[in-house]
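Engineer:
Numbering (my numbering), first residue to last: 45 to 259.
1) Does the Cβ-Cβ distance between residue 64 and residue 205 come in under 8 Å?
2) How long is the line joining the alpha carbons of residue 107 and residue 53, rounded to whole angstroms?
3) With a threshold of 8 Å on Cβ separation, who are the neighbours of residue 120 within its own chain once the five nearest residues in sequence on each side are excluded?
4) For chain D, check one thing: does any of its Cβ atoms lie closer than 8 Å to the Cβ of residue 98?
5) Take every Cβ of the segment 236–244, pair it with every Cβ of the segment 191–208, and state whether three or more of those distances are shorter than 8 Å.
6) Got a sec, what are the start and stop residues for the alpha helix (DSSP H) residue 235 sits in?
7) With distances taken between CB atoms, is the gap from residue 223 to residue 244 smaller than 8 Å?
8) How would you call residue 109, buried or exposed, if buried means at least 16 neighbouring beta carbons within 10 angstroms?
9) Which of the three DSSP states is assigned to residue 154 in this structure?
10) Going straight from the alpha carbon of residue 135 to that of residue 114, what length do you get?
11) Starting from residue 112, trace the alpha helix (DSSP H) both ways and give me its first and last residue.
12) Measure the Cβ-Cβ separation of residue 112 and residue 81 and say whether it is below 8 Å.
13) For residue 90, which beta-bridge partners are listed by DSSP?
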């Protein structure tokens, strides 16, 4: 595959970020979005250095059974990977960024959680844009498009180099009928996942731009 043609047609070659270049990179570095299927008006925006974000949300028997992965970003698969320092800076950025409205606090401790009252699909678009503007790249090509293209609605996609981002980004959007069967077989009641089913139905009826990251 000609990656220079696929990824580089509407952007430019990336340079190593001098601020983070001297930090050691992590073997695994992820950003992930998690939802609670009972309420699609909030989401968890987390970071992990585990091999797979799924392990982060499903450890032990006490984890919340209503959680589902929504989106993952494998930052360690970018051109120059990702350091612990940059991962920490990204986490701080998320908690400072007014767009997410501030983290939901734990009732007992009043400390910030990783949960936000923020629609997960909108949060995903914000993270796409943030990674592109921070200078992350794939196979040496920037994730931010700077040249005009006619085949896609660049503004709706936040001028993100979609073909490159798809290498490190995965979205989880099961078919609503398949998910309903799994949920019922797990003993859930329909009202408990109705909000998620509505979202999935709307998503799969959406246009090609909305579904552009499906693999």
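Glycine included, each C-beta is placed from N, C-alpha and C at the ideal position. Treat the numbers as computed from the prediction; the structure is a model and nothing was measured.
Structural biologist: So, from the data block:
1) Against a cut-off of 8 Å, the Cβ pair of residue 205 and residue 64 comes out as no contact.
2) Residue 107 and residue 53 have their C-alpha atoms roughly 44 Å apart.
3) These residues qualify, in order along the chain: 69, 70, 71, 72, 73, 74 and 126.
4) Absent from the structure is chain D; it holds one protein chain and no more.
5) No, the segment 236–244 is not in contact with the segment 191–208.
6) For residue 235, the enclosing alpha helix (DSSP H) has its first and last residue at 234–248.
7) Residue 223 places its beta carbon less than 8 Å from that of residue 244.
8) Under this definition residue 109 is an exposed residue.
9) DSSP places residue 154 in coil when its eight states are reduced to three.
10) Their backbone Cα atoms lie some 18 Å apart in a straight line.
11) From DSSP, residue 112 is part of no alpha helix (DSSP H) but of the beta strand (DSSP E) over 111–118.
12) Taking 8 Å as the Cβ cut-off, residue 112 and residue 81 qualify as a contacting pair.
13) DSSP output for residue 90 lists 76 as bridge partner(s).
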